[in-house]
Structure formats: C-alpha cells, structure tokens
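Trainee:
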Amino acid sequence: MNKPVVSYQLQNQLGIIHIDNPPVNALSHPVRAGIMSALALAAKDTSLALLILCRGRTFIAGADITEFGKPPLEPHLPDVITAIESSPKPVVAALHGNALGGGLEVALAAHYRCSVATTKLGLPEVKLGLLPGAGGTQRLPRVVGVEAALDMMTSGTPISAHKARELGLVDEVLEGELESTATDYANRLIAEGAPVRATGAQRADAPDSADFYDQYRSKISRKSRGQIAPGFIIELAELATHTDIDEGQAVERERFIECRNSPQASAMQYVFFAERATGKLGDIPKDTPVLPVQSVAVIGAGTMGGGIAMCLANAGIPVTLVETQQEFLDRGMATIKKNYATSVKRGRFSQEQADAFLANFSGTTNYADIGDVDIVIEAVFENMDIKKEVFAKLDASCKPGCILATNTSYLNVDEIAATTNRPQQVIGAHFFSPANVMKLLEVVRTEKTSPEVVQTFMKLAKKIGKIPVAVGVCNGFVGNRMLKGYARQAQLLLLEGASPEQIDQAMQTWGMAMGPIAVGDLAGLDIGYRSRRDQGIESRSVKESALADTLVEMERLGQKSGAGYYRYDAQTRERQSDPEVASLIENIAAQLNVKRREINDSEIVERLVLALVNEGAAILKEGIAARPSDIDIVYLNGYGFPAWRGGPMYYADTLGLDIVIDKLNALKALTGDPCWEPSALILEISEASMTLGSLN
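In this text, residue positions in the sequence shown follow this note's numbering: the first is 453, and each later residue adds one.
Written as structure tokens, this is what we have:
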C-alpha cells in the first residue's frame, strides 16, 4: 500500500498535519484531499491548535504542474483554503524552503505563520500569465498592505523570511530545526490562549494617495506591456480594501479563469516548461560526468569580463581577473566595486554580501598565475586574431584538464579551438550584456567539444544564475543570426518610408521590450560598423547598412555619444526625434533609388517578426538549435521578445504555418526580396499538417 501524502497525529494538545509529497510538496489532488481529511479528524479530537508541517526540502511550493490543462478534481484549492481559515482551532503554518503560489495561499489561510530564515515566499502566478486564484489577491493585501502585496504579485518575485517578518506576513522567524522549533512555537500559542485570527475577516487599508492605483498601473504597464494579469491583480487588490472576502474571491475566480483561458497563459506556461527543457541534450547521456569547478579565470576586466566575473563571484566561485596591464586591472576592479556599492544602495545585496562577493576576486597580469584554474573564460575584444593569440597563451599556460571558453557573439569557435592542442576542451560562452544582469547564456558546442565539457558548462551556467541554451557554430549562433535579419528589415523600412519613432512604437506596442532602432542606439552603432569592416564589407556598400554607416562616420554612435538615430539629453538620456536624421534617411533613399511610401504598423510588425520566424526555422533545419523551444528561450531572455507571445517559433504556430507561408509569399511579392522565400522546414512541417512545436 502506498504511503499517504498527508498524515495527521495528535501530540498532546497539538494536532500536526504532515504533508509529504516529494519533491516539492505540490498541491496535487491527494494533498488537497488529505488536508481536508486531516481537518475533519482534528475537528473531533482534543487538540487545541493545529500545525501544518511539510517534510522534505520545502513547504508547499505551489500547484502540481502535471495537472496543468487538466480538469480540476474536488476538493478544489479554494475550498481547502476556506476550510483551513474556518477552523475553530488556531492553525499554524510552518514554512521552509519555498512557500510559493498555492503554498503561500495555504499559509495565508492559516491563522499564524512561522518560518525558518532561509524560506522564500511569493506569488509567482503572473509569470505563468495567471493571478493568484485561491484567495491570494484578497488575503495578501489584508496582511501586508496593498502596495507591498502588489509588488509581490505583479513581479512574481519571492521575498525572504526576514522581509516577510518586517511586512507582517510571517509572525515568527524560527532558529533551529524546523519541526521542533515550529512545535514549540505552536505550543506557546496554545499556552498563551492565542485566538483564531482569520485573515479574511480583516479589511485591507486603502492607500493614502488618491491616485495610487493610476500611478501603479502606469508603472506596471511599462514593465509588463501587453499582459492582462497585472491589470487584474491591481483591480483585485483595490477590491480587497472595500469588499468582504467572499465577494473579493468571487471576482478573483472570474479573473483567474479569464487569465487561465487566455492565449497568454498558454504561451507563458509553454515558456515555463521550455526553460526547463534547455538542459536536456538528447545526444549526451544523463550520467555523463561533470568536471569539478573550484576556480575560474576571466581574461579581460572590461565591461563584459567584469560582469562575467561578478556572476561567478556571486555564486561563491573564486575568480581571477587577468589583464595585460595593472592599470586596466585596477580600472576593472574599481568598476566592479562601484557596481556592488550601487547594488547595496538599492537594497539588492547587504554590505556583508557584497564584501563576501568581493573576497572571491583576485587579479593578475601574468598568465602563469592561472595555471591551476579549472575553467578560463576569455572576454577580450571581438576580433579573431586577438582571440587566437589569447588562446595560444592559455593553451600553453593552463593545466591539461582546464576548460577554455570564449565569450563571442559571432566568431567561429571551431576556428578558435583549432589553434589549441585541446580542441575537445574548448567551448563558446556567449554572455549577454550586462553579463551580471542578463539571464541568457548561449553555450556554443564545437565539432570537437567533449560531452563532459558541455555538461560541465551547462551546470556551471545554472549555478551562476543563467539560463543556458546549447547551440551550434555559425555566424551569430542563434540569437544574433536571427537578429541580423530583424535589424535588416528595420533598416529597409526606414529607407522605404517608416520613421525611427514609428518602427520603435509599433514593436513596443506589439510587446517587444524596446524597438530595434532604440536598441541600436543603446548598444552603440559603432559595434556593428566595426563588425562589418572586419567582414570586409565596405562602408555604405550595402543598402541595409548605408544609414548606420553614415551615422557612425558623423560620430553619431548612439546614446554614448548623445546622438544616433535619436538625440539624447545629456543628463536624463531621454531620447528625442531628430529632423536631421529624417532628412538624412530621405537623402540616402534617393541615392539608392529606393521609392518611399506610407507604411502601416502592421507591415512593420509582420516584416520584423516573420524575419525572426523564417531564420529561426532555417537554424533549426541546420541543427544549430536542438529544438524550437530553445530558439524561443534565446529570444525571450536575450532580445526582449514578449513572454506572453511564447517566442518566435511558438508565435508562428499560433498564427498557423499555412498563414505564415502566405504572409511570407505576400512579402516576397511586395518587396521582391528573396529573404522572404519560406524556409524548407516551414514548408515541410506545413505539408505534413504538423506544427513547429511538435519538434520539441
């Protein structure tokens, strides 16, 4: 007989409800039913209070993801939560690990909450296109106030137990072993005659500012452009200030079902599973050994090298920065210290944490000092000759088992590996800038990279907080190869009649974090300019880069020079339209015999997004990416593609591949550009009446 996932025992005057549903005590149907049975038993015995305890590594960490998309079975979670809150005996929830989603909603229904110090508490449903659907939007504002509740629910970011104690979400932070200290706390409440304290009986206090909700909506709209759940969450939190719990939960349920049935929720739940699939490499067995990583060296203490080093140090890995001159090393360390100081000032880290991170750093100008490290990550200038020179030095200086990684955005990692005597230990590591902030890491496998090295680097990426996606070697790998076609269409649209403002606004309205023209100014127009020269492309010799080349040669490099496609305020960096650029575009179009016309927003969106889709399918056909969902994860985490649209490949499936083909053919007829020829894979998949998603 299977062991029950929920058990109940009476310990003197305390009834203990034990939940044991590994690995994360998810709220599966047996757990929900077990809690209801335990409450029924407790109602009939001599207990004076109840304690909810979870075995294993965590408190209830949320819903059972295996039940997503299936008809819910009774008892439903809201019924379980109502039963807990309605208990005539005080109920205490003892938290550890993660108390997330439905788990935190269960804890909110308890009359008292205690927690070990390492617990993370949160309502992350918004990250799945949902909102808390079991009373979370109504109970959390009643406990911590409207603003703090909104910050938690609209971001989905968990808070620490100590922060929860400050907010009143946790009544006691426990010191010591969970079960004994939680039992002591519950027995103390019994001895004190602590009353039942139903959260739902309280009323959330309204914010002091009359325009609080309008201001909050404005702030959130910039962060979650196009998503419906955050707006509903704000509405529901406001409802908690002037309705009773039953009325609030009824509206919450309506909004939850609306979100659950929306295309956004389907897309964001697809993303949830897609992120977890990136580490599954079909050609590498699960039992492939992972090499030990006790120390890492980073070559180059510039912006990228410093950011990579911070990721390593923050994960507790000793890191040695290597520079050619002490002056450059000192400058790099000064920037790193400044970054940590800023993080402390903003409350992201404590001073103690920052000091601990900095203690993981050392620096040198001598390659001999890194002879014993386990991994070296090169982060020098994006130039093949320079990188080959560095790898020759590393090959001579580093121990035989050391992994050599190159941080490159475009370059051929096979060619770099061939300069060493250990090509099987060379791997590409395309970090995204700023490296200490951006989550994406393209792990570039060469023809000869060993499975152990790939597995080791994928694991290291996760340890330092990255989302790793394994990709193959080609110019630009997955992300930048697709970006090339996307950026090309933006440049052609400028020449054909669209303005920078129109292009950026159209894409932001569609859901992109930034428009392509503004992104160019942010990154610096000189980067692409140098890349084109390195490839032997003469200035202004190609139609789609003629404008960008001209701007760079006018010393308009983007934000860093105060002007690019736009002009920028020296203090605020606020961008402004520039009539000089509008005239320049018209002149270049005339020189290139480009006929200008009125272009609508839908054409802008179609051309930019379908450029991504078509190139993504070509990448998949070539085997550069293992699965369509990997391409989506790259674009979601590295290029600002809206998560609620699921990524370029998922979006193509939502349109329907037959419609994608029709649109590509229509664009080919409109522009005469052969880039719109539908990719072979899209044609094959459509012919077979399949979807791109079926390849995941």
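We treat Cβ as the ideally placed atom computed from N, Cα and C, and that holds for glycine. Just so we're clear, the structure is a prediction, and the values are computed from it rather than from any experiment.
1. In whole angstroms, give me the CA-to-CA distance for Val825 and Glu779.
2. Just the C-alpha distance for Lys455 and Ala887, rounded to the nearest angstrom, thanks.
3. Is there contact between the region 1060 to 1076 and the region 1130 to 1138, where contact requires at least three CB pairs shorter than 8 Å?
4. Which residue spans inside the region 1093 to 1144 form an unbroken alpha helix (DSSP H) run of at least 4?
5. From Ser1035 to Arg1025, what distance separates their C-alpha atoms?
6. Can you say whether Asp1082 is buried or exposed, counting buried as having 16 or more other CB atoms within 10 angstroms of its CB?
7. Do you know how far the Cα of His694 is from the Cα of Phe511?
8. Quick one: what's Glu830 bridged to in DSSP?
9. Mind checking which residues open and close the beta strand (DSSP E) that includes Asn639?
10. Just the C-alpha distance for Gly444 and Ala600, rounded to the nearest angstrom, thanks.
11. Once you ignore the five residues that flank Arg1097 on each side, which residues in its own chain have a CB closer than 7 Å to its CB?
12. Quick check on Cys763: does DSSP put it in helix, strand or coil?
13. Between Gly555 and Glu704, which are expected to be in contact by the criterion C-beta below 8 Å, what is the C-beta distance as a whole number of angstroms?
14. Just reading off the beta strand (DSSP E) that Tyr564 is part of, what are its end residues?
15. Need the endpoints of the beta strand (DSSP E) that Ile879 sits in, please.
16. For Val1004 and Gly1010, I'd like the C-alpha separation in whole angstroms.
17. Which of the three DSSP states is assigned to Tyr1087 in this structure?
18. Measuring only the C-alpha atoms, how far is Thr817 from Val598?
19. With DSSP as the reference, label Val595 as helix, strand or coil.
20. Hey, could you find the ends of the beta strand (DSSP E) Asn550 is sitting in?
21. Got a sec, what are the start and stop residues for the beta strand (DSSP E) Thr740 sits in?
22. State the DSSP-derived secondary structure class of Glu1055, mapped to helix, strand or coil.
23. Using the rule of at least 16 other Cβ atoms within 10 Å of the residue's Cβ for burial, across every protein chain shown, is Gly759 buried or exposed?
24. So is Pro1031 buried or exposed if we call it buried at 16+ other beta carbons inside 10 Å?
25. When the Cα atoms are used, what is the spatial distance from Glu624 to Val558?
26. Report yes if the C-beta distance between His470 and Ser480 is below 7 Å; otherwise report no.
27. Could you check if Pro920 is buried or exposed, using at least 16 other CB atoms within 10 Å of its CB as the buried criterion?
28. In angstroms with no decimal places, state the Cα-to-Cα distance between Gly917 and Ile788.
29. Mind listing, in chain order, the continuous alpha helix (DSSP H) runs of no fewer than 4 residues lying wholly within the region 595 to 627?
30. Taking the alpha carbon of Leu626 as the reference point, which residue from Leu529, Ala613 and Gly1145 has its own alpha carbon closest?
31. Mapping DSSP to helix, strand and coil, what is Tyr1017?
32. Taking one C-beta from the region 766 to 776 and one from the region 737 to 751 each time, how about it: are there three or more such pairs within less than 8 Å?
33. With a threshold of 8 Å on Cβ separation, who are the neighbours of Thr871 within its own chain once the five nearest residues in sequence on each side are excluded?
34. So, Val923 versus Val896, is the Cβ gap smaller than 7 Å?
35. Which partner residues of Cys850 appear in the DSSP bridge assignment?
36. Can you tell me the Cα-Cα spacing of Asp1084 and Leu892, whole angstroms?
Mentor: Reading from the atomic positions:
1. Within the sequence shown, residue 825 is the residue found at index 373, counting from 1. Within the sequence shown, residue 779 is the residue found at index 327, counting from 1. When rounded, the distance between both Cα atoms is 23 Å.
2. On the sequence shown, residue 455 is found 3 positions in, with the first residue counted as 1. On the sequence shown, residue 887 is found 435 positions in, with the first residue counted as 1. Cα-Cα distance, rounded: 46 Å.
3. yes
4. 1100 to 1107, 1109 to 1123 and 1132 to 1139
5. Here residue 1035 refers to the residue found at position 583 of the sequence shown. Here residue 1025 refers to the residue found at position 573 of the sequence shown. Whole-angstrom Cα-Cα distance: 23 Å.
6. Indexing the sequence shown from 1 puts residue 1082 at position 630. Result: buried.
7. In the sequence shown, the residue the question calls residue 511 occupies position 59. In the sequence shown, the residue the question calls residue 694 occupies position 242. When rounded, the distance between both Cα atoms is 32 Å.
8. Sequence index remark: in the sequence shown, residue 830 carries index 378 (1-based). DSSP lists Ile751 and Thr858 as partners of Glu830.
9. Within the sequence shown, the letter at position 187 stands for residue 639. Where Asn639 is concerned, there is no enclosing beta strand (DSSP E), although the alpha helix (DSSP H) it sits in stretches over Leu630 to Glu644.
10. Outside the modelled stretch of the chain, which goes from 453 to 1148, sits residue 444, for which no answer is possible.
11. Position 645 of the sequence shown, counted from the first residue, corresponds to residue 1097. Result list for Arg1097: Ala719, Gly963 and Tyr1103, in chain order.
12. Your numbering for residue 763 matches position 311 in the sequence shown. Cys763 falls in the helix class under three-state DSSP.
13. Counted from its first residue, the sequence shown places residue 555 at position 103. Counted from its first residue, the sequence shown places residue 704 at position 252. Actually they are not in contact, since the Cβ atoms of Gly555 and Glu704 sit about 17 Å apart, beyond 8 Å.
14. In the sequence shown, the residue the question calls residue 564 occupies position 112. Start and end: Tyr564 to Val568.
15. To locate residue 879, count along the sequence shown from 1; it is residue 427. It spans Val878 to Phe883 - the beta strand (DSSP E) in which Ile879 sits, taken as one unbroken run.
16. Start at 1 with the first residue of the sequence shown, and residue 1004 comes out as number 552. Start at 1 with the first residue of the sequence shown, and residue 1010 comes out as number 558. Cα to Cα, the separation comes out at about 9 Å.
17. Here residue 1087 corresponds to residue number 635 of the sequence shown, with the count starting at 1. Three-state DSSP puts Tyr1087 in a helix.
18. The sequence position of residue 817 within the sequence shown is 365, counting from 1. The sequence position of residue 598 within the sequence shown is 146, counting from 1. Spanning the two alpha carbons is a distance of roughly 53 Å.
19. Mapped onto the sequence shown, residue 595 falls at position 143. Here Val595 sits in helix by DSSP.
20. The residue labelled residue 550 in the question sits at position 98 within the sequence shown. First-last of the beta strand (DSSP E) with Asn550: Asn550 to Leu552.
21. Here residue 740 is taken as the residue at index 288 of the sequence shown, counted from 1. Careful: Thr740 lies outside any beta strand (DSSP E) and carries neither H nor E.
22. The count along the sequence shown starts at 1 and reaches residue 1055 at position 603. Correct three-state label for Glu1055: helix.
23. Residue 759 sits at position 307 when you count from the first residue of the sequence shown. When all chains shown are included, Gly759 counts as buried.
24. Translated into positions along the sequence shown, residue 1031 becomes position 579. Flag for Pro1031 reads exposed.
25. For this step, residue 624 is matched to residue 172 along the sequence shown. For this step, residue 558 is matched to residue 106 along the sequence shown. Distance between the alpha carbons of Glu624 and Val558: 17 Å.
26. Residue numbering aside, residue 470 sits at position 18 when the sequence shown is read from its first letter. Residue numbering aside, residue 480 sits at position 28 when the sequence shown is read from its first letter. The answer is no: Cβ separation not under 7 Å.
27. What you label residue 920 is simply residue 468 of the sequence shown in a count that begins at 1. Buried: at least 16 other Cβ atoms inside 10 Å.
28. Mapped onto the sequence shown, residue 917 falls at position 465. Mapped onto the sequence shown, residue 788 falls at position 336. Cα to Cα, Gly917 sits roughly 18 Å from Ile788.
29. 598 to 607 and 613 to 619
30. In the sequence shown, residue 626 corresponds to position 174, counting from 1. Considering only alpha carbons, the answer is Ala613.
31. Position 565 of the sequence shown, counted from the first residue, corresponds to residue 1017. In the structure shown, Tyr1017 sits in coil (DSSP, three-state: anything other than H, G, I, E or B).
32. yes
33. Here residue 871 refers to the residue found at position 419 when the sequence shown is read from its first residue. Contacts found: Lys840, Phe843, Ala844 and Asp847.
34. Start at 1 with the first residue of the sequence shown, and residue 923 comes out as number 471. Start at 1 with the first residue of the sequence shown, and residue 896 comes out as number 444. Yes; because the gap between Cβ atoms is below 7 Å, this pair is in contact.
35. Counted from its first residue, the sequence shown places residue 850 at position 398. Partner(s): none; Cys850 has no beta bridge.
36. Against the sequence shown, residue 1084 aligns to sequence position 632. Against the sequence shown, residue 892 aligns to sequence position 440. About 12 Å.
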